Amino acid sequence: MSQLIVMYLMLFVISLLANGLSALAGGGAGLLQLPVLLFLGLEFAPALATHKIASVALGVGATYRHMREKNISLNFSLYMLAAGLPGVVLGANVILQVPDRWAQGVLGCFTLGLGVYSMVSPQLGMSEQDRRRNVLGYLSGALGLFFIGILNGSITSGTGLFVTIWLVVWFGLSYKLAVAYTLILVGMFWNGTGALVLAMQAPVKWDWLPMLILGALAGGYLGAHWSIAKGNKLVKRCFEVLTIVVGLSLLWRAVCLPQ
């Protein structure tokens, strides 16, 4: 078996695992996928652009499964897009011009905090609750989504997890429903917008994309299926594990980045 075939198989398997876990927990695909692209020899800018494009397929696969449940509100979806997309564009336009040691360190601390907070709040996200569904609540929630959108456009790992926990804590969504919104809107539209902006600024490794996209499609569908089949308890546990791992990974990368 040639080295090229082995590499393509590795890309598919890593993409399948990374996006399957992301679809189950509500974010974090970049934790595995982006470091592999860097390990295989890509520079940061093309690796980030290639990862962002491939991650859109995660949203496509997950959307196909979640839309069959018919529990997604069109109005709330449009609200998330209007609040988050401007932030994504802003973040994607600045990431390739600024050093990210401080950003990854701060984000790592926050991500770790999300996992710990969820672990010490056993009832958090286990059922649907009506919270802050008024004008002030929606305006404040939009500000939070805008800020997370900036992170999504500029940081490579874990921002989908921020959207998931924000929807749970601020609006009272269950983990399962929050993950559905994250995968559909962040996976397809936020990541799609960020990918487009990045692709205009950095080269893309086009010959690697087919395997990454196939893995993301399959992983997105399978992860979404398991989250629906197993319910909030499994999704919550996966979210907690992944936030802690992503947080530690971001802190490690921040420490190891060159001065």
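According to my numbering, the residues represented by the sequence shown are 1061 to 1319, in order. We treat Cβ as the ideally placed atom computed from N, Cα and C, and that holds for glycine. Being a predicted model, the structure only gives us computed values, none of them experimental.
Out of curiosity, what's the CA-to-CA distance linking residue i and residue j?
i: GLY1175; j: GLY1090; result: 17 Å
i: TRP1268; j: ASP1190; result: 44 Å
i: TYR1198; j: TYR1139; result: 9 Å
i: ILE1074; j: LEU1302; result: 16 Å
i: ARG1125; j: LEU1196; result: 33 Å
i: LEU1310; j: PHE1136; result: 31 Å
i: PRO1182; j: GLY1279; result: 28 Å
i: GLU1129; j: ALA1117; result: 19 Å
i: GLU1103; j: ASN1194; result: 45 Å
i: ALA1262; j: ALA1105; result: 6 Å
i: ALA1238; j: LEU1227; result: 6 Å
i: ILE1244; j: GLY1121; result: 9 Å
i: GLY1232; j: GLY1173; result: 19 Å
i: TYR1235; j: HIS1111; result: 25 Å
i: GLY1252; j: TRP1286; result: 24 Å
i: GLY1220; j: THR1123; result: 15 Å
i: GLU1188; j: VAL1154; result: 37 Å
i: CYS1169; j: GLY1307; result: 6 Å
i: LEU1064; j: MET1070; result: 10 Å
i: LEU1092; j: LEU1277; result: 16 Å
i: VAL1096; j: ALA1314; result: 17 Å
i: GLY1101; j: LYS1265; result: 11 Å
i: ALA1240; j: PHE1299; result: 13 Å
i: LEU1203; j: ALA1142; result: 11 Å
i: MET1271; j: TYR1068; result: 6 Å
i: GLY1247; j: ALA1109; result: 14 Å
i: ALA1289; j: VAL1223; result: 22 Å
Could you give the DSSP three-state label for residue i: helix, strand or coil?
i: VAL1264; result: coil
i: ILE1304; result: helix
i: SER1234; result: coil
i: ALA1089; result: coil
i: GLN1183; result: coil
i: GLU1188; result: coil
i: ASN1251; result: helix
i: GLY1201; result: helix
i: ILE1273; result: helix
i: ALA1129; result: Looking at the sequence itself, residue 1129 is Glu, so the reference to Ala does not match. GLU1129 falls in the helix class under three-state DSSP.
i: ASN1212; result: helix
i: SER1062; result: coil
i: GLY1165; result: helix
i: GLY1291; result: coil
i: ARG1313; result: helix
i: LEU1081; result: helix
i: ARG1297; result: helix
i: GLY1279; result: helix
i: ASN1194; result: coil
i: GLY1144; result: helix
For residue i, which residues in the same chain have their Cβ closer than 6 Å to its Cβ, ignoring the five residues on either side in sequence?
i: GLY1209; result: GLY1144, GLY1147 and VAL1148
i: ILE1225; result: LEU1174
I'd like the list of long-range same chain contacts for residue i, defined as Cβ closer than 8 Å, with 5 residues on each side in sequence excluded.
i: SER1200; result: ARG1192 and TRP1230
i: LEU1134; result: none
i: MET1020; result: The structure shown does not extend to residue 1020, since the chain is modelled only from 1061 through 1319, so no value can be given for it.
Looking only at its own chain, which residues have a Cβ that is under 7 Å from the Cβ of residue i, when we skip the five neighbours before and after it?
i: ALA1152; result: GLY1213, SER1214, GLY1254, VAL1257 and LEU1258
i: GLY1291; result: LYS1236
i: TRP1250; result: GLY1144, LEU1145, VAL1148, GLY1209 and ASN1212
i: SER1082; result: GLY1088, ALA1089, LEU1118, GLY1220 and GLY1283
Complete runs of the beta strand (DSSP E) confined to the segment 1091-1116 [at least 3 residues]: At a cut-off of 3 residues, not a single continuous stretch assigned as beta strand (DSSP E) sits fully inside the segment 1091-1116.
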